[in-house]
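Chemist: Counting in this note's numbering, the sequence shown runs from 79 upward without gaps.
From the three backbone atoms N, C-alpha and C, an ideal C-beta is built for every residue, glycine too.
All figures in this text were calculated on a predicted structure; none of them were measured in a lab.
Mind having a look at this structure? Questions to follow.
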Amino acid sequence: MKARHPDDARDLEDIPNVGPSTASDLRGIGIVQPHQLVGQDPHALYRRVNAATGQRHDPCLCDCFIAAVRFMEGGGPAPWWHCTAERKQRWHDDPSLPG
């Protein structure tokens, strides 16, 4: 069961929108506990995963990171696809993104 509140997230997989694969990506860059997402830049997390794996991941991974960070910062659970517009706007505004 997914956490309904950040304090209920004991493992990364407890966070809404974070399954085993996304949790593995986060662990690969040193994020091993849910509270470590607080204050993180989801776009920087995405770039770090790309760099760590040597490949560009699907942009939806960035959407999942946005949703996870927002949830852990108290924003409440929301489907990852609700973050797509935010990602696209940021990538449009910042030519150094993605990856």
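What does the alpha-carbon distance come out to for the pair P98 and E91?
Modeler: Going from the Cα of P98 to the Cα of E91 covers about 6 angstroms.
Chemist: Please determine, among Q167, Q118, A130, the residue with the shortest C-alpha to C-alpha distance to V147.
Modeler: Minimum Cα distance to V147 is reached at Q118.
Chemist: M150 by DSSP, collapsed to three states: which one?
Modeler: M150 falls in the helix class under three-state DSSP.
Chemist: Mapping the DSSP letters down to three states, classify R88 as helix, strand or coil.
Modeler: Of the three classes helix, strand and coil, the one that applies to R88 here is coil, per DSSP.
Chemist: Where does Q167 sit, in a helix, a strand or coil, going by DSSP?
Modeler: Helix at Q167.
Chemist: Put D141 into one of helix, strand or coil per three-state DSSP.
Modeler: The answer is helix: DSSP assigns D141 an H, G or I state.
Chemist: Considering only residues of the same chain and omitting the five flanking positions on each side of I107, which have a CB-CB separation below 8 angstroms?
Modeler: Excluding sequence neighbours, I107 sits near L123, R126, V127, A130.
Chemist: Could you have a look at D103 and say whether DSSP puts it in helix, strand or coil?
Modeler: Three-state result, D103: helix.
Chemist: On the CB-based measure, 16 or more other CB atoms within 10 Å of its CB, does V96 come out buried or exposed?
Modeler: Buried is the call here.
Chemist: Considering Cα atoms alone, identify which of Q167, P112, F143 is closest to A156.
Modeler: The candidate whose alpha carbon is nearest that of A156 is F143.
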